[in-house]
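Heads up, the thing below is written out as structure tokens.
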Amino acid sequence: MPGATLLLLTGCIATPTLPDCTTGLKKKAGQATAASPKTAPPAGAGKPAVAKKASQQVFIGIDGSGSMLGYAQASNRSVWPRLLQSISQAILLKGLQPIAYRIGAGAAEGPIQGSVTQATNPCFFKGCDGYRPVASSLDTLWTIQREGEVPRLRLLVSDLEVNQDDVTSLLAGIQPDLAMGASAGILGIKAPFTGNVFGASGQVIQKGNVSRPLFILATGPKEQVRSVLDEVKKTLSLRGITDTRISIIERNSSPETRFAKWIGGAPAKAATSGMNIRLDGQTFSPANNQDYQFIRLNPGATGLSVATTKTWSQGTGRPDFGIADLEKLPIAEGQPQTADGMQVSGIQISGSNVRVGIDVDQSTASGLYRVVIPAGSMPEEWWVGWDRAEGEKTNVGNKTQGLLLLMTTLSREIAGAANAPPAAAMCFALQN
246 MPGATLLLLT
256 GCIATPTLPD
266 CTTGLKKKAG
276 QATAASPKTA
286 PPAGAGKPAV
296 AKKASQQVFI
306 GIDGSGSMLG
316 YAQASNRSVW
326 PRLLQSISQA
336 ILLKGLQPIA
346 YRIGAGAAEG
356 PIQGSVTQAT
366 NPCFFKGCDG
376 YRPVASSLDT
386 LWTIQREGEV
396 PRLRLLVSDL
406 EVNQDDVTSL
416 LAGIQPDLAM
426 GASAGILGIK
436 APFTGNVFGA
446 SGQVIQKGNV
456 SRPLFILATG
466 PKEQVRSVLD
476 EVKKTLSLRG
486 ITDTRISIIE
496 RNSSPETRFA
506 KWIGGAPAKA
516 ATSGMNIRLD
526 GQTFSPANNQ
536 DYQFIRLNPG
546 ATGLSVATTK
556 TWSQGTGRPD
566 FGIADLEKLP
576 IAEGQPQTAD
586 GMQVSGIQIS
596 GSNVRVGIDV
606 DQSTASGLYR
616 VVIPAGSMPE
626 EWWVGWDRAE
636 GEKTNVGNKT
646 QGLLLLMTTL
656 SREIAGAANA
666 PPAAAMCFAL
676 QN
């Protein structure tokens, strides 16, 4: 009997728990917390807002800079006109009116009389036969007819190779439309290209026949952005162009926050994961703290990796490109602190999952840590794969410099305005 009593008593001892991994982070709208219980919505909430009518005109800007010439003179010339035809057809099928401009001369040239297929003429990019030479002032598309309370649908057809890799002017041009509530989207294809491939500095980085990225960057009312880009993709498929990528960025499209599901050491054999860890005089168990991954670094360990999925499929990555924040969390009360002795060493994206490599110094304190990727900062895998990093030497013509920066910045702008929760919050308990 005394032994049975002892067993019952020990079975009732509470196992210590760690703080919520989302402490101090934004929640999804309507999600209750212990500190702020869900309350009834205010009177009048849920009533549909009066929709403001969007313009039926669609402004198409075709980049007329010399870096685009190779699409018009490619050995397989059929893709470029098929793209232009698909854009016009998709817009008309949606009951909208396409109005085309030539972009790049410091001011938009146009409207272009007749069909957008005028841009199949190499002089459109060379600056001959009545066309003057232009640079890459792509932002001028967003200067056309700004009046009204609803942003216009604008489609920029370009390789997005901005001079000096400075996307600032393009983002500044788009900003007023974003402030009016515009969404953004991008459709990318790899198109046949013949000739000189120019880098952001204006130097030739590759010659010959390549498969170059070509994009339709769209901003405007979310319904129009999505429906027109989807229609362009369908029309391209019917014309035999099926290898396309598409991304839509909307204020209400922020995905649910992803949490850590796997952790491992670097090198793998110099760490042990999934074991109890003792912190501040208490022993914490992985079974009782499922929001955290547990890892113990042994002698010889130099770091760790943490991921949002247990089974990792091949993705694309590179050294840290500034999307993740590292924090040290308090075990009891307090605010997150700087994660001293740690730094991000690499990031990989695979679909909607992310894996972050972290260098850990021998002096790093044991404790709780969190990797946070803010709302809008999680790039899509193809943005990373199609982006040409500074100093890259291989397959340079098959990528676009500045794509990752442009799209991630647009995503942050739109998701940030929506006060969305973080894309990822990966917490782990470390014994070092």
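Residue numbers (this note's numbering): 246 to 677. Yeah, the Cβ is synthetic: ideal placement off N, Cα and C, and Gly gets one too.
- DSSP places Arg523 within a strand segment (E or B) once states are collapsed to three.
- The criterion of a C-beta distance shorter than 8 Å is satisfied by Leu405 and Leu651.
- Approximately 12 Å separates the beta-carbon atoms of Ala350 and Ile307; this is outside 8 Å, ruling out the contact.
- Exclusion of the five residues before and after Leu341 leaves Gln301, Gln302, Val303, Leu398, Gln469, Val473 as the residues of its chain whose Cβ lies within less than 8 Å of its Cβ.
- Under the DSSP assignment, Trp507 falls in the beta strand (DSSP E) whose first and last residues are 507-511.
- According to the DSSP assignment, Pro437 belongs to the beta strand (DSSP E) that extends over 428-443.
- Distances from the CA of Pro575 to each of Gly426, Glu354, Leu675 were compared; the closest alpha carbon is that of Leu675.
- Between Ser590 and Asp570, the CB-CB gap reaches or exceeds 8 Å.
- Judged by DSSP secondary structure, Arg541 falls within the beta strand (DSSP E) whose first and last residues are 537-542.
- Straight-line measurement puts the Cα of Thr528 at about 43 Å from the Cα of Leu649.
- Straight-line measurement puts the Cα of Gly621 at about 17 Å from the Cα of Gly562.
- Leu542 sits away from Gly586, with the two beta carbons spaced by 8 Å or more.
- The residues Lys435, Asn643, in chain order, have a CB closer than 6 Å to that of Ser456 in the same chain once the five nearest residues on each side in sequence are set aside.
- Distance from Leu481 to Tyr316 at the Cβ level is roughly 15 Å; contact not present, criterion being Cβ atoms closer than 8 Å.
- Residue state for Ala634 is assigned as coil, using DSSP reduced to three classes.
- Rounded to whole angstroms, the gap between the alpha carbons of Glu476 and Gly579 is 51 Å.
- In terms of Cβ geometry, Phe370 and Ala505 do not form a close pair [threshold 8 Å].
- If the five residues before and after Asn497 are omitted, its C-beta is found closer than 8 Å to the C-beta atoms of Ala663, all from its own chain and listed in chain order.
- In the DSSP assignment, Ile592 falls within the beta strand (DSSP E) that extends over 587-595.
- Asp265 sits in coil when the DSSP states are folded into three classes, being neither helix nor strand.
- Straight across, the Cα-Cα distance linking Ile348 with Val605 is about 49 Å.
- About 6 Å separates the beta carbon of Trp631 from that of Thr645, a gap short enough to meet the 8 Å contact definition.
- In the structure shown, Asn664 falls within a coil segment according to DSSP collapsed to helix, strand and coil.
- Taking a contact as a CB-CB distance under 8 Å, the pair Ala429 and Ala380 does not count as one, their CB atoms being some 23 Å apart.
- Annotated three-state conformation of Lys339 is coil, per DSSP.
- Bounds of the alpha helix (DSSP H) holding Asp422 are 413-424.
- In the three-state scheme derived from DSSP, where H, G and I count as helix and E and B as strand, Pro396 is classed as coil.
- Separation of the CB atoms of Leu383 and Val407 is rounded to 7 Å, and the pair is thereby assigned contact status at 8 Å.
- One thing to note: Ile618 has its Cβ no nearer than 8 Å to the Cβ of Gly548.
- Closest by C-alpha distance to Asp525, out of Gly612, Val629, Asn534, Val599, is Gly612.
- In the three-state DSSP reduction, Phe504 falls in the strand class (E or B).
- Straight-line spacing of the CA atoms in Glu354 and Gly311 works out to 16 Å.
- Note that the C-beta distance between Arg600 and Ala552 is below 8 Å.
- In the three-state reduction of the DSSP assignment, Arg657 falls in the helix class, which pools H, G and I.
- In this structure, Lys573 and Tyr614 form a Cβ contact; the two beta carbons are roughly 6 Å apart against a cut-off of 8 Å.
- For Tyr614, the enclosing beta strand (DSSP E) starts and ends at 612-618.
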